[in-house]
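Colleague: First to last, the protein sequences are chains B and H. Position in the first sequence (first residue = 1) + 8 = my numbering. Position in the second sequence (first residue = 1) + 8 = my numbering. Following this message is one structure expressed as structure tokens.
There are 2 protein chains.
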Amino acid sequence: MPDSKSEYVLGVDLGGTKIYAGVFDFSLECVGTARLSTKPQRGPDEVIERIARCVKDAVDECDLKFDQIKAIGIGAPGAVDTETGRVIFAPNLAWRDVPLKKSLEKLLGITVCVENDANICTVGVHHAELKSKPRDLVGIFIGTGIGAGLILDGQLHSGLNRTAGEIGHMVIDIDGPKCACGNNGCFEALASRSAIFQHIHAAIKNGEKTILTEMLGPSLNDLRSGDLRKAIRRGDKLVDRIVAEAAEYIGIAVANVINLLNPEVVVLGGGLIEALEDEMMGVITKTAMEHVLSGTAKGISIIASKLADEAGITGGAVLARREVK
Amino acid sequence: MPDSKSEYVLGVDLGGTKIYAGVFDFSLECVGTARLSTKPQRGPDEVIERIARCVKDAVDECDLKFDQIKAIGIGAPGAVDTETGRVIFAPNLAWRDVPLKKSLEKLLGITVCVENDANICTVGVHHAELKSKPRDLVGIFIGTGIGAGLILDGQLHSGLNRTAGEIGHMVIDIDGPKCACGNNGCFEALASRSAIFQHIHAAIKNGEKTILTEMLGPSLNDLRSGDLRKAIRRGDKLVDRIVAEAAEYIGIAVANVINLLNPEVVVLGGGLIEALEDEMMGVITKTAMEHVLSGTAKGISIIASKLADEAGITGGAVLARREVK
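The following block contains the structure:
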């Protein structure tokens, strides 16, 4: 229970669609959350005001006073300069060089630290779910797009331009479909939620049958990952095949990561995995094991995160706690 | 000049075909080398005796006494347990669990440290060629096979099973040719020297013309990387096309590494690059730049190593020097 005399930290997951904020005590127990739509079309200033509003809502939700919050950690969907807290580039928000840390600190009057969203989710999983045990961990998050976070020798690895983890643009099928980035056969163009949806639309156009059209109408309005799970459980062969194909590509990407980095753990998360863990993880693991070089995967775990939507806010809280301690 | 009163270290590059040993002073200047064929078919014990003989030849070559050598660093073509100095698995030598460090120390009476060959080459390039400046460096070595070494945050990254860097088995063309590992479309099956040779043989079988058959006879006996360079410089369209295709695959692999790890430097080495640097590096860099995500490659260097054959023995000397200092 939140306590009016204790101190807390706050994690924020800033996405292209929604802002999600969570208040955590210092043992990383979540004591309350709030959500607000992002509305990126209104521009960075208004989005930052909405983040501040969502933060205050979360604090109010758990009956705390704002001065009990000691720091905020926030994950942004793009390349981030963690030292200055500037978002260098975030395509889903149409942001370029936005001083998120500075603006939010001005609005809220407390320390804000900013990280890339896949990185912050990986930190959340590493800390809260895996108790910081693995020295080397790769987190792969699959939703509309695909991103990864790398923890190597216990530390986040960001690279020269702080863009490490762009696994969504790893080419795994050079003759594959066109990706939004302009190249062909990127992992994201083969196995993201968007790619799966495109494959389903194309199959319907080709005259293939799916109960998704019964569930949602012929144009599949408002199709979500959860609908894929429902369709598969109702015996939909088309959706089953397309989801299994995506799982194979994910397995190959996991094998590429194991061959290259040989981490202790590869953790999968994001909306697609959250909705389809039971349907996908078997194929992912089997395909990965078929594609790693003999002897290299011994003892390596390939797991689905249990944190689901909480990974980002938890990671944000971990970073915020580091600022305070 | 070698000096009869100074102390030295020794680096050894153990390959499937030859053993190459070099004596270095403490400023990492090479003062003498020796070579000997490996003869792996005679078994580990005899190979280890040959390493000892090659080491003594190198010392004799530069008119030193063996007691001036303070430690030996050796790169082996496979997975190595660096703590015990055991070679866990080396397919090109047909070795499994060979106590290389222990056996060689018994024969020579001085400290021996053992590393994977791509790792030791990367250490050599990092230290001697790049003056240890890059925090994050990926070395990709292309010859009969393809391997990589990763230096992350200034340290060699070996991973859980000490097999990190198996970039040769990164899938980049899921429908591509069969690899020796059993999978399809591995980087090594597309762009290694062996892959290039196979493509040339297949093209000749298909009735395509190349001056290589004039140079070496119809079955291309004893074809080497240098012959490819000669053929291209004499205007051979077939060889030019096949080498350019391999360079494109290498460029894609480099882009995958930059997208995933965002290192400061990607350095290319190995026999194929050494022989065909002028012919391949332009295509490699152009293709890599086309396949990295926008903004991620700023300031990242993609270079060919100047150390050539010396990378392995130099890296061995670096490791040996660390043992002494």
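For every residue, glycine included, the Cβ atom is placed at its ideal position computed from N, Cα and C. Being a predicted model, the structure only gives us computed values, none of them experimental.
For a cutoff of 7 Å on Cβ pairs, would you count G167(B) as touching chain H?
Modeller: yes
Colleague: Using the C-alpha atoms, what's the distance from L145(H) back to L280(B)?
Modeller: 33 Å
Colleague: Between I240(H) and the rest of its own chain, which residues show a CB-CB distance below 7 Å, the 5 nearest in sequence each way excluded?
Modeller: V247, D248, V251 and E287
Colleague: Spell out whether any CB of chain B is found under 7 Å from the CB atom of K301(H).
Modeller: Note that residue 301(H) is Leu in the sequence shown, not Lys. So yes, L301(H) belongs to the interface.
Colleague: Give the straight-line distance between the Cα atoms of E318(B) and K294(B), rounded to the nearest whole angstrom.
Modeller: 27 Å
Colleague: Considering R201(H), what are the terminal residues of the beta strand (DSSP E) in which it resides?
Modeller: Premise fails: R201(H) lies in the alpha helix (DSSP H), R201 to K213, not in any beta strand (DSSP E).
Colleague: May I ask you to verify whether the segment 257-270 of chain H touches the segment 223-230 of chain H, counting CB pairs closer than 8 Å and requiring at least 3?
Modeller: no
Colleague: Rounded to whole angstroms, what is the Cα-Cα separation between G86(B) and V20(H)?
Modeller: 45 Å
Colleague: Can you pull the chain B residues whose beta carbon is under 7 Å from the beta carbon of I308(H), in chain order?
Modeller: L168
Colleague: According to DSSP, C194(H) sits in a beta bridge with which residue or residues?
Modeller: Partner(s): V179(H).
Colleague: Which partner residues of Q163(H) appear in the DSSP bridge assignment?
Modeller: Answer is L160(H), bridged to Q163(H).
Colleague: Run the CB neighbour count on A199(H), radius 10 Å, all protein chains shown included, and call it buried at 16 or more, exposed below.
Modeller: buried
Colleague: Just tell me which of I311(B), G324(B) and P99(B) has its CA closest to the CA of L138(B).
Modeller: I311(B)
Colleague: In chain order, what residues of the same chain have a beta carbon less than 7 Å from the beta carbon of M289(H), not counting five sequence neighbours either side?
Modeller: A312
Colleague: Relative to the C-alpha of G147(B), which residue among L36(B), T304(B), R94(B) and A261(B) is closest?
Modeller: Of the listed residues, the one whose Cα sits closest to G147(B) is A261(B).
Colleague: Give the secondary structure of E123(H) by DSSP, where H, G and I count as helix, E and B as strand, and everything else as coil.
Modeller: strand
Colleague: Going by the beta-carbon positions, is the gap between S45(H) and K64(H) smaller than 7 Å?
Modeller: no
Colleague: What separation, rounded to the nearest whole angstrom, lies between the Cα atoms of D181(B) and V179(H)?
Modeller: 8 Å
Colleague: List the endpoints of the continuous alpha helix (DSSP H) containing L246(B).
Modeller: K245 to L269
Colleague: List, in chain order, every chain H residue whose beta-carbon is nearer than 7 Å to that of E272(B).
Modeller: L168
Colleague: Kindly say whether M297(H), judged by its beta-carbon, lies nearer than 7 Å to any beta-carbon of chain B.
Modeller: no
Colleague: Across the segment 165-176 of chain H and the segment 123-134 of chain H, are there enough close Cβ pairs to call them in contact, namely three or more that are closer than 8 Å?
Modeller: yes
Colleague: Should K47(H) go down as buried or exposed, given a rule of 16 or more other Cβ atoms within 10 Å for buried?
Modeller: exposed
Colleague: Can you tell me whether E37(B) is buried or exposed? The criterion is at least 16 other CB atoms within 10 Å of its CB, across all chains shown.
Modeller: exposed
Colleague: Nearest chain B C-beta to D105(H) closer than 7 Å, yes or no?
Modeller: No, no contact with chain B.
Colleague: In chain H, which residues lie less than 7 Å from H177(B) when you measure between Cβ atoms?
Modeller: Going along chain H in sequence order, the residues near H177(B) (Cβ under 7 Å) are N267 and L301.
Colleague: Determine whether the beta carbon atoms of A29(H) and L115(H) lie at a separation below 7 Å.
Modeller: no
Colleague: Give the residues of chain B in contact with C189(H), contact being defined as C-beta atoms less than 8 Å apart.
Modeller: L301 and S302
Colleague: If we ignore side chains and look at the alpha-carbon of each, how far apart do R201(H) and S111(B) end up?
Modeller: 54 Å
Colleague: Classify D244(H) as buried or exposed, calling it buried when 16 or more other Cβ atoms lie within 10 Å of its own Cβ.
Modeller: When all chains shown are included, D244(H) counts as buried.
Colleague: Excluding the 5 residues preceding and the 5 following F205(H) in the sequence, name in chain order all residues of the same chain whose CB lies nearer than 7 Å to its CB.
Modeller: Shown here for F205(H): same chain residues with a beta carbon closer than 7 Å to its own, the five before and five after excluded, namely L231 in chain order.
Colleague: Return yes when the Cβ of L327(H) is within less than 7 Å of the Cβ of G81(H), no when it is not.
Modeller: yes
Colleague: Closest to Q76(H) by CA distance: which of W103(H), D33(H) and N270(H) is it?
Modeller: D33(H)
Colleague: Quick check: does the Cβ of A66(B) come within less than 6 Å of any heavy atom belonging to the ligand FMN?
Modeller: Among the ligands in the structure shown, none appear at all, so the ligand FMN cannot be discussed.
Colleague: In three-state DSSP terms, what is V300(H)?
Modeller: coil
Colleague: Could you have a look at D21(H) and say whether DSSP puts it in helix, strand or coil?
Modeller: In the structure shown, D21(H) sits in a strand (DSSP, three-state: E or B).
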